[in-house]
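Student: First, the structure itself, so that you have it in front of you.
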Amino acid sequence: MRRSRRERRRERPALRALTSSAMALLGIAGKASAETAIDHYEASYSFSTYSEDELESSKTIPGGERKRYDIKTQQVSLAAPITEWLDFSMQVTHETMTGASPWYTTPDAAGSPIQIMSGATIEDARNDLNVHANYYTEEGRLGFGGGYSKENDYTAINFGTDGELLFNEKNTTLSGGLGGSFDEIMPTDADLYPTRPKDKSKQSYNGFVGLSQVFDRRTILQGSFTYNWNRGYLSDPYKQVFQVGGVQNYGDFRPNSRHQFAFLYRLNRHIEETESTVHLSYQYYIDTWGLSSHTFELDWYQSFGDAIQISPHIRYYTQNRADFYVPYLRLGQRRPEDMSSDYRLSAYGALSFGLKGEYLFHTPWFRDIEWRLHGSVERYLSSGDLSLSSVSVAAPGLVSFTVFSVGLETKF
Amino acid sequence: MKRVVRAALLGLSLLSQSGFASLGWQWDKWWSDVKMPDFPAFDEYTESPKSYVQIALEHDFLVRVKPWERAVLARHDMAWDPDELEAARRNHTFFSKEASMPGGSAGGGGCGCN
Chain A
269 MRRSRRERRR ERPALRALTS SAMALLGIAG KASAETAIDH YEASYSFSTY SEDELESSKT
329 IPGGERKRYD IKTQQVSLAA PITEWLDFSM QVTHETMTGA SPWYTTPDAA GSPIQIMSGA
389 TIEDARNDLN VHANYYTEEG RLGFGGGYSK ENDYTAINFG TDGELLFNEK NTTLSGGLGG
449 SFDEIMPTDA DLYPTRPKDK SKQSYNGFVG LSQVFDRRTI LQGSFTYNWN RGYLSDPYKQ
509 VFQVGGVQNY GDFRPNSRHQ FAFLYRLNRH IEETESTVHL SYQYYIDTWG LSSHTFELDW
569 YQSFGDAIQI SPHIRYYTQN RADFYVPYLR LGQRRPEDMS SDYRLSAYGA LSFGLKGEYL
629 FHTPWFRDIE WRLHGSVERY LSSGDLSLSS VSVAAPGLVS FTVFSVGLET KF
Chain B
22 MKRVVRAALL GLSLLSQSGF ASLGWQWDKW WSDVKMPDFP AFDEYTESPK SYVQIALEHD
82 FLVRVKPWER AVLARHDMAW DPDELEAARR NHTFFSKEAS MPGGSAGGGG CGCN
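Top line first, the protein sequences correspond to chains A and B. Numbering (our numbering) for the first sequence: 269 to 680. Numbering (our numbering) for the second sequence: 22 to 135.
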C-alpha cells in the first residue's frame, strides 16, 4: 500500500536521529549520501603551495631560464542549511602564480628537442567564486550552480545543473548533470608578439550520467560517463612552434572544436578489522584530437582511533600524443594546418604519490564545535619512460611538482 | 589419468542432471532466504520469458542494505570525495597540467593553464 507523503515524512526524524547518532559515534558527520539537506553549518579553509621542479640543464640551452611555476592557493568554503529541504554552499579560491612557462622547443646539436622558457617572469592572480544550491526530496536531489573565474588574461563564467534519483531503498543512485562554460582570453603583450591574438573566446558544453550502487554494508560502486564539447579558440596564445631555418616562430594552432569523453569507475570499501577505507578508481579518456589516457588511483584512509587518520595515496596516469603535436618543424617541412609544441599534448606517463594526515577534535569549552585539521604532501613526476604508449622522443618540458597543503574544517 | 578425469566428468554431468538430488543435496535450502515470486518467471500477457535483470529486480537483488545497516556507508571516508576543497584543487591541477579532463561531474571553469 502506498503511504501518504505526510506519513513518510513523519518517520524521518526517528530515522535521522538514528543515522546522525551513528555518525556522531564515528566522530564526524560527513555528507556521504544525498538524502537530506545538511543540518548544520560547515566552513573550511585550506592553504597550499604548488612548486614545479627546475628544468634540467640538459633540457634547455646553456644559461637559459630554468625556473618554472609556483602557485600559492587559498580556498574557503561555506555550506549552510536554508530549510530542511534546501541547502546552499559556496567556494572561493584565490591563487597567485609566478614563474616562467614553456614557450617553444628547438633541436640541439644531436637533433633532440630542448625547451625554451618564456623570457619574462609571469605574475598573475586568479580569483574564483562558485555557488551551489540543492533541493532535496524523498526521491533525490536537484542542484543548480554557477561560477565566475578571473585572471589578468582570462575570464570564465559557468552554469550548471545536476541531480540525483534514488532507487531500491536508496541503494541505487542515478546521477546526472549539464553545464556550460563561457571563457574569454585576452593575452598579455599581444602587441609585442605577433603570434598572440588580442581577444578570443571559447565555450564548452558538458554533461554526465552516473550510476552508483551499494554492494554491501561496506562497499559502494560507481560508474559514470562524462562528455564535454569545447569550441572556439582552443590554442595556447603563449606557446610557439619553431622551424629549423625559419624566419620566425609560428603560433600555436589547434582545431577549434574538441569532443572529450571520460569513463570513470570507482569503488570504495571499508575494512572494519583494520579500521581502513580503500578508494580505487580507474578512468579511461578519449577525445577527437587523437588523445586517450588511462588514470589509476588508489587511496588508503587508515584510522587510528576516532581522532587520527593517515592516508597515503598513489596515482598513475598515461596518455598518448595528440595528432598534431610536433616538438619543432624540420628544415623545409611544410607547415601543417594544426600544430602545437605543448608538452601536455605529447605522449608521457606520470606517477604521483602523497600522504595526508587528519586530526579530529572537539572544543567543549567553545560551543562544543567539531574541528578537522589536516595537512598533506603530494609529489608528481612525469616522464616519457612512464608512458604506456611508445614515445620516440619525450617532450623536454614535462613537469614534475610538489604540493604542500594545510587546512582546517569545522561544523557548528 | 585422462580416463579418470573423463569418468569423473561423466559422473558429475549425470549427477547434475538430477541437481545432485541423489546425494541428498537440496538446492531449495540454499535459496531458502530468497523470496520467490508468486508467479512463474513468465510475462502473463505475452508468455515470453523474463530477463535475468527483470527477475533480479523483482527479487529486490539491488536492495543490498537496510537503513539501519548504513553506519559504515555514512562514514566520512566512504564519501566519493571526503575533502571537497582538496578534490577541487587536485582536479584543477591535473586538468591544467594534463590533456584529459576529470570525469564524474559537470560545470567548472577557469584556466590557470601556464
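The C-beta atom is built at its ideal place from N, Cα and C for all residues, glycine as well. Bear in mind that the values here come from a model prediction, so they are computed numbers and not experimental data.
How many Å lie between residue 320 (chain A) and residue 104 (chain B) at the Cα?
Tutor: Within the first sequence, numbered from 1, the residue matching residue 320 (chain A) stands at position 52. Within the second sequence, numbered from 1, the residue matching residue 104 (chain B) stands at position 83. Going from the Cα of residue 320 (chain A) to the Cα of residue 104 (chain B) covers about 24 angstroms.
Student: Out of A:632, A:589, A:601, A:680, which one is the CA nearest neighbour of residue 119 (chain B)?
Tutor: By 1-based counting over the second sequence, the position of residue 119 (chain B) is 98. Of the candidates A:632, A:589, A:601, A:680, the one whose C-alpha sits nearest the C-alpha of residue 119 (chain B) is A:589.
Student: Going by the DSSP bridge assignment, what does residue 350 (chain A) pair with across the sheet?
Tutor: Here residue 350 (chain A) refers to the residue found at position 82 of the first sequence. Per DSSP, none; premise fails for residue 350 (chain A).
Student: Tell me whether residue 22 (chain B) is buried or exposed, calling it buried when 16 or more other Cβ atoms sit within 10 Å of its Cβ.
Tutor: Taking the second sequence and counting its residues from 1, one reaches residue 22 (chain B) at position 1. Per the 10 Å Cβ criterion, exposed.
Student: Quick one, which of A:324, A:523, A:496 has its alpha-carbon nearest residue 473 (chain A)'s?
Tutor: Here residue 473 (chain A) refers to the residue found at position 205 when the first sequence is read from its first residue. Per the Cα distances, A:496.
Student: Find the residues of chain B that neighbour residue 478 (chain A), judging by a C-beta separation of less than 8 angstroms, and give them in chain order.
Tutor: The residue labelled residue 478 (chain A) in the question sits at position 210 within the first sequence. Ordered by position in chain B, the residues that pass the 8 angstroms Cβ test against residue 478 (chain A) are 125.
Student: Using a Cβ distance threshold of 8 angstroms, determine whether the region 78 to 87 of chain B contacts the region 414 to 434 of chain A, with at least three qualifying pairs required.
Tutor: Remark: fewer than three beta-carbon pairs, one from each stretch, lie closer than 8 angstroms, so the region 78 to 87 of chain B and the region 414 to 434 of chain A are not flagged as touching.
Student: Taking residue 93 (chain B) as the query, report the chain A residues whose CB atoms sit under 8 angstroms from its CB, ordered along the chain.
Tutor: As a first step, residue 93 (chain B) is located in the second sequence; it is residue number 72 there, counting from the start. Contact of residue 93 (chain B) with chain A by beta-carbon distance below 8 angstroms involves 485, 486, 538, 540.
Student: Under the rule that 16 or more other beta-carbon atoms within 10 Å means buried, what is residue 291 (chain A), buried or exposed?
Tutor: By one-based count along the first sequence, residue 291 (chain A) stands at place 23. No answer about residue 291 (chain A) holds up, because its pLDDT of 40 lies below 50 and its placement is not dependable.
Student: Could you work out which residues of chain A lie near residue 109 (chain B), taking near to mean beta carbons separated by less than 9 angstroms?
Tutor: Translated into the one-based positions of the second sequence, residue 109 (chain B) becomes position 88. Chain A residues near residue 109 (chain B): 343, 345, 359, 361, 398.
Student: Can you tell me where the alpha helix (DSSP H) with residue 438 (chain A) in it begins and where it stops?
Tutor: The residue labelled residue 438 (chain A) in the question sits at position 170 within the first sequence. Per DSSP, residue 438 (chain A) is not a residue of any alpha helix (DSSP H), being assigned neither H nor E.
Student: Buried or exposed for residue 466 (chain A), please, with buried defined as at least 16 other CB atoms from any protein chain shown within 10 angstroms of its CB.
Tutor: Sequence index remark: in the first sequence, residue 466 (chain A) carries index 198 (1-based). That one is exposed.
Student: What is the C-beta distance between residue 309 (chain A) and residue 634 (chain A), in whole angstroms, given that I count them as a contact (C-beta under 8 angstroms)?
Tutor: The residue given as residue 309 (chain A) occupies position 41 in the first sequence. The residue given as residue 634 (chain A) occupies position 366 in the first sequence. Not a contact, Cβ separation roughly 15 angstroms.
Student: Quick check on DSSP: helix, strand or coil for residue 335 (chain A)?
Tutor: Against the first sequence, residue 335 (chain A) aligns to sequence position 67. Residue state, collapsed to three classes: coil.
Student: Quick one: any contact between the region 657 to 666 of chain A and the region 601 to 621 of chain A, if contact means 3 or more CB pairs under 8 angstroms?
Tutor: yes
Student: Report the residue from A:339, A:344, A:476 whose alpha carbon sits nearest the alpha carbon of residue 117 (chain B).
Tutor: As a first step, residue 117 (chain B) is located in the second sequence; it is residue number 96 there, counting from the start. The residue with the shortest Cα to Cα distance from residue 117 (chain B) is A:339.
Student: Count the CB pairs spanning the region 576 to 592 of chain A and the region 556 to 563 of chain A that are closer than 8 angstroms, and state whether there are at least three.
Tutor: yes
Student: When the Cβ atoms of the region 559 to 575 of chain A are set against those of the region 73 to 83 of chain B, are three or more pairs found closer than 8 angstroms?
Tutor: no
Student: Going along chain B, which residues have a C-beta under 7 angstroms from residue 515 (chain A)?
Tutor: Locating residue 515 (chain A) in the first sequence gives position 247, counting from the first residue. Near residue 515 (chain A) there are no residues of chain B at all, since even the closest Cβ is about 27 angstroms away, more than 7 angstroms.
Student: Hey, would you say residue 586 (chain A) sits closer than 8 angstroms to residue 617 (chain A), going by beta carbons?
Tutor: Against the first sequence, residue 586 (chain A) aligns to sequence position 318. Against the first sequence, residue 617 (chain A) aligns to sequence position 349. Against a cut-off of 8 angstroms, the Cβ pair of residue 617 (chain A) and residue 586 (chain A) comes out as a contact.
Student: Mind pulling the beta strand (DSSP E) runs of 3 or more residues that sit fully within the region 551 to 630 of chain A?
Tutor: 560 to 572, 576 to 587
Student: Excluding the five sequence neighbours on either side, which residues of its own chain have a C-beta within less than 6 angstroms of the C-beta of residue 531 (chain A), listed in chain order?
Tutor: In the first sequence, the residue the question calls residue 531 (chain A) occupies position 263. Counting only Cβ-Cβ distances below 6 angstroms, and skipping sequence neighbours, we find 493, 552.
Student: With which residues is residue 363 (chain A) paired in a DSSP beta bridge?
Tutor: Residue mapping note: residue 363 (chain A) aligns to position 95 of the first sequence, counting from 1. In the DSSP output, where bridge partners are listed per residue, residue 363 (chain A) has A:341, A:394.
Student: Counting contacts by CB-CB distance shorter than 8 angstroms, is residue 436 (chain A) in contact with chain B?
Tutor: On the first sequence, residue 436 (chain A) is found 168 positions in, with the first residue counted as 1. Output row for residue 436 (chain A): interface = yes.
Student: How many angstroms separate the CA atom of residue 99 (chain B) from the CA atom of residue 569 (chain A)?
Tutor: As a position in the second sequence, residue 99 (chain B) is number 78, starting the count at 1. As a position in the first sequence, residue 569 (chain A) is number 301, starting the count at 1. Taking the straight line joining both Cα atoms gives about 9 angstroms.
Student: Can you list, in chain order, the residues of its chain with a C-beta nearer than 8 angstroms to that of residue 639 (chain A)? Leave out the 5 residues immediately preceding and following it.
Tutor: Within the first sequence, the letter at position 371 stands for residue 639 (chain A). Excluding sequence neighbours, residue 639 (chain A) sits near 628, 629, 630, 631, 676, 677, 678.
Student: Who are the Cβ neighbours of residue 398 (chain A) in its own chain at under 6 angstroms, not counting the five residues just before and after it?
Tutor: The residue given as residue 398 (chain A) occupies position 130 in the first sequence. So the list reads 359, 415, once near-sequence residues are dropped.
Student: With a cut-off of 8 angstroms, do at least 3 Cβ pairs link the region 478 to 492 of chain A to the region 525 to 544 of chain A?
Tutor: Cβ pair count under 8 angstroms is three or more, so yes.
Student: Out of curiosity, what's the CA-to-CA distance linking residue 349 (chain A) and residue 356 (chain A)?
Tutor: For this step, residue 349 (chain A) is matched to residue 81 along the first sequence. For this step, residue 356 (chain A) is matched to residue 88 along the first sequence. If I take the Cα positions, the gap works out to 6 angstroms.
Student: Could you tell me which chain B residues have their CB closer than 7 angstroms to the CB of residue 439 (chain A), listed as they occur along the chain?
Tutor: Reading the first sequence from its first residue, position 171 is the one you call residue 439 (chain A). Near residue 439 (chain A) (Cβ distances below 7 angstroms), the residues of chain B are 83, 84, 85, 86.
Student: For residue 341 (chain A) and residue 361 (chain A), which I take to be in contact (beta-carbon distance under 8 angstroms), what is that distance rounded to the nearest angstrom?
Tutor: Here residue 341 (chain A) refers to the residue found at position 73 of the first sequence. Here residue 361 (chain A) refers to the residue found at position 93 of the first sequence. Contact holds; Cβ gap of about 7 angstroms.
Student: Let me confirm a value: residue 671 (chain A) is counted as buried when at least 16 other C-beta atoms fall within 10 Å, else exposed. Which label applies?
Tutor: As a first step, residue 671 (chain A) is located in the first sequence; it is residue number 403 there, counting from the start. Its Cβ being crowded by 16 or more others within 10 Å, residue 671 (chain A) is buried.
Student: Among the candidates A:453, A:402, A:385, whose CA atom is the shortest distance from the CA of residue 502 (chain A)?
Tutor: As a working mapping, residue 502 (chain A) is identified with position 234 in the first sequence. Cα-wise, what sits closest to residue 502 (chain A) is A:453.
Student: Cα separation between residue 698 (chain A) and residue 526 (chain A)?
Tutor: The question about residue 698 (chain A) has no answer here: the residues shown for chain A are numbered 269 through 680.
Student: What does residue 122 (chain B) reach in chain A if we use C-beta pairs closer than 9 angstroms?
Tutor: Taking the first residue of the second sequence as 1, we reach residue 122 (chain B) at position 101. Those are 474, 494, 496, 528, 530, 553, 555, listed as they occur along chain A.
Student: Provide the residue span of the alpha helix (DSSP H) that contains residue 108 (chain B), from first to last.
Tutor: Mapped onto the second sequence, residue 108 (chain B) falls at position 87. That run of the alpha helix (DSSP H) goes 105 to 118.
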